[in-house]
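Chains Y and A are the protein sequences, given in the same order.
So the first sequence is residues 1 to 351, counted in full-length UniProt numbering.
So the second sequence is residues 1 to 351, counted in full-length UniProt numbering.
Where a beta carbon is used, it is the ideal one built from N, C-alpha and C, also for glycine.
Notes for the one structure printed next.
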Amino acid sequence: MSEPNISAVLLEKGNLKMEERPIPKPGKNEVQIAIHSVGICGSDVHFWTDGSIGPFLVKSPMVLGHEASGTVCQLGEGVTHLNIGDRVAIEPGIPCRQCAACKGGKYNLCPHVKFCATPPVDGSLCRYYVHPADLCFKLPDNVSYEEGALLEPLSVAVHACRRSGVTIGSNVLVCGAGPIGLVCLLAAKAMGAAKVVTTDIDAKRLECARQMGADVTVDVTSRDGRAVADQVVQELGCQPDVTIECSGAEPSIHAGIYATQPGGVLMIVGCGRQMATIPLLDAALKEVDIRGNLRYCNDYPTALAMVASGQVNVKPLVTHRYSLEQTLEAFEFAKKGEGIKVMIHCDKTKA
Amino acid sequence: MSDTNLSAVLLEKGNLKLEERPIPKPGKNEVQIAMHSVGICGSDVHYWVHGAIGDFVVRAPMILGHEASGTVSEVGEGVTHLKVGDRVAIEPGVPCRYCDYCKGGRYNLCLEMKFCATPPVDGSLARYYVHPADFCFKLPDHVSFEEGALLEPLSVGVHACRRAGVTIGSRVLICGAGPIGLVCLLVAKAMGAAQVAITDIDTKRLEVAKQMGADFPVHVTTRDGREVADQVVRALGCNPDVTVECSGAEPSVQTGIFATKSGGVLVLVGLGPPTINIPIVNAAVREVDIRGIFRYANCYPTALSMVASGQVNMKPMVTHRFSLEQTLEAFEASKKGEGIKVMINCDKTKA
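Next comes the structure, spelled out in structure tokens:
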């Protein structure tokens, strides 16, 4: 090993360049990883095109990428559960471990979390990266590097399905058939959902959803939430217990509120506009709880187990592949919104 | 005991009259009650003034009143746990008992619910009223008829604080110091809340809240939800774990979202406009769950035991008293919004 540490750096909004960076050394309880597969997320693209998401502004150069896997190539002091050569998936958020949120088991809400590729923290779209060993999960031989990288979005789905109470027999509405809607569909089915209905405005995405197990798909042609809700209930044959909203679009949130049965749950996963005008009274009077999601916590092991056992097949999500050197091309393609998941391969030595 | 059934009837919007009605007979599993105390609720006033609340429209004459207590005067077939002379509080909503919501324990969501004084169902503001015996709760000797009637709003407080997860050590924000805000304050304190902040635009109501145990009254002078949230956090010294929103006002719901700590809960008790503008992404990415409150289920026994044990003192809530004959005057007083709870005494013979 010892390639130059080519890294995909967002210098400032709109300016993505490949740069050589020093090869980082693992400190106590850390490991150095030769990065293999990194998926591009909508947030990476958004930081590139808009320079910010909410309060997070790109103020200085930052390495992109947070959906990653690779091979352990150096161990820091105190690391016992991993060996050099181990193939790992990387859970990208590093919490402080000391605050009340961390100690209470909700480390995703840690106000001091260092999250890959959320400014100002560097991500993992490079050749060599260092990370706390306890947040690196060893991949069994039957799980590929790409599947390891996909554990990140899959963990978002696991977190959402768990928090919404999806369980055996649930009837679930998933709004949106983009990558997140699709992993939520997969997770819901794996968790025992009886029927999953997926909505989207794009027929091609709905076809993917059908192939991935959606029992019912609804092509959204109206921006009237109530009309869409009626369509969903009619096609599903009942009101869903749980709605997982993955688009962030206001009419879709409306549809989720109107469609969900009384006493049910509406999960907000998609991030849209900061302020939304919604029929909150409707939700309140029928005790449809509205819950949000921030990433995941204690979900990576479950996501890994689901993939390793075959309960969930995430392979079809990867539709396009590029090398690290082709990162800009990969981002240009991802920006178009075609395909599902664009994967970047960073390790010249491994397939 | 009266030999006529004088009843407060809302003939149509704006037209409230006292009428004689037949004295109802108790059927199987029912009891006849000589009514004693009936509190006036904002919803009773609203039906009188506006003729409708949401989809519930006054289309035919309807007896008002649903916060009630009285003395069992006749027992129907099959009733074993009550006898003539028992003083009871009446839980006003009678669900179907057969549907999934009923069988699942969330009978407040029953679609066939018959609720006193929600059109077209007659209420209990009369001399005599008949009700299923299992929804009548015997009052111990030291619990007054008025306290019995107040169990209705108190049950709303119990349901709200339960669904909010208020517990020992909780830091609670209550928005609104009207009757509902006040019962939520009492319940929160009884459930062990460490500190309760309460907001209102009216300083007189805040003074009452302070006397009833609020630690931090916060006077709202702006309609900027975020500013009020900052005010609350400064007063409380931290972000509340739970917010119980009792006003229904848009800026107040916004305050509830902005103020509540990450991973906390906002419950919506107050009913406001059908659609409101809220910072939904803020709630979602901080996992501030939003839960609606629709009346109560399985709360009356708890409310009764809280009053019977002295954990909660509801007596200061009653500020105005009228006789059944003075019902119109009572409603005029309630409409003005002065005082807290207006109580109507329906029993000619008892104090």
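Linking L150(Y) to C208(Y) through their CA atoms gives a straight-line distance of about 17 Å. With respect to chain A, the C-beta atom of C246(Y) has no partner C-beta closer than 8 Å. Considering only beta carbons, no part of the stretch 149-173 of chain A lies closer than 7 Å to chain Y. F294(A) has its alpha-carbon roughly 7 Å from the corresponding atom of E287(Y).
For Y101(A), the uninterrupted alpha helix (DSSP H) run begins and ends at 100-103, by DSSP.
Nearest in C-alpha terms to I84(Y), of all of P120(Y), I33(Y), G213(Y), M343(Y), is I33(Y). DSSP, reduced to helix, strand and coil, places S43(Y) within a helical segment of the structure shown.
For K28(A), there is no enclosing beta strand (DSSP E), since its DSSP letter is neither H nor E. DSSP places I180(A) in the uninterrupted alpha helix (DSSP H) bounded by 179-190. Considered as a whole, the stretch 108-149 of chain A harbours no complete run of any alpha helix (DSSP H) with no fewer than 4 residues. Just measuring C-alpha positions, the residue of L266(Y), Y129(Y), E250(Y) sitting nearest D241(Y) is L266(Y). Fully enclosed beta strand (DSSP E) runs of no fewer than 3 residues occupy 216-219, 242-245, 265-268, 276-278 of the stretch 203-289 of chain Y, in order along the chain. In the structure shown, A60(A) adopts coil according to DSSP, grouped into three states.
At a cut-off of 8 Å, the C-beta of R97(A) has no neighbouring C-beta in chain Y. With a cutoff of 8 Å on beta-carbon distance, M317(A) and L150(A) are scored as near each other. Every alpha helix (DSSP H) of 4 residues or more that sits fully in the stretch 105-182 of chain Y is shown, in chain order, as 145-164. Collapsing the DSSP output to three states places S155(A) in a helix. L182(A) is outside the set of residues whose beta carbon lies under 8 Å from a beta carbon in chain Y.
Judged by their CB atoms, M212(A) and L185(A) are nearer to each other than the 8 Å cut-off. Taking a C-beta cut-off of 9 Å against chain Y, the contacting residues of the stretch 271-299 of chain A are L271, G272, P273, P274, T275, I276, N277, I278, P279, I280, V281, N282, A283, A284, V285, R286, E287, V288, D289, I290, R291, G292, I293, F294, listed in chain order.
Just measuring C-alpha positions, the residue of P132(A), H159(A), E112(A) sitting nearest P26(A) is P132(A). Against chain Y, a Cβ distance below 7 Å from G263(A) picks out A101, K106, L109.
The beta-carbon separation of I344(A) and L125(A), rounded to 6 Å, stays under the 8 Å limit for a contact.
Nearest neighbour of G105(A) by Cα position, chosen from L324(A), S2(A), Y296(A), E325(A), turns out to be Y296(A). Cα atoms of S52(Y) and L328(A): separation of roughly 60 Å, rounded to the nearest angstrom. Taking a Cβ-Cβ threshold of 7 Å, the residues of chain Y close to R106(A) are G263, in chain order. Neighbourhood of Y101(A) in chain Y, by CB distance below 8 Å: P262, G263, in chain order.
Contact check between the stretch 92-106 of chain A and the stretch 30-39 of chain A: fewer than three CB pairs, one atom from each, fall below 8 Å, which does not count as touching. Around L236(A), no beta-carbon contact reaches into chain Y at under 7 Å, the shortest distance being about 16 Å. At least one CB atom of chain A sits nearer than 8 Å to the CB of L280(Y).
The Cβ neighbour count for A8(A), taken over all protein chains shown within 10 Å, is at least 16; the residue is labelled buried.
Counting of Cβ neighbours within 10 angstroms places D299(Y) among the buried residues, the total reaching 16 or more. With contacts defined by Cβ atoms closer than 8 Å, V216(Y) and V228(Y) do not form a contacting pair. One alpha carbon belongs to N5(Y), the other to V281(A), and they sit about 37 Å apart.
Annotation for D44(A): L64, G65, A117 place their beta carbon closer than 7 Å to its own, counting only its chain and skipping 5 residues before and after. The bridge partners DSSP lists for G85(Y) come to none.
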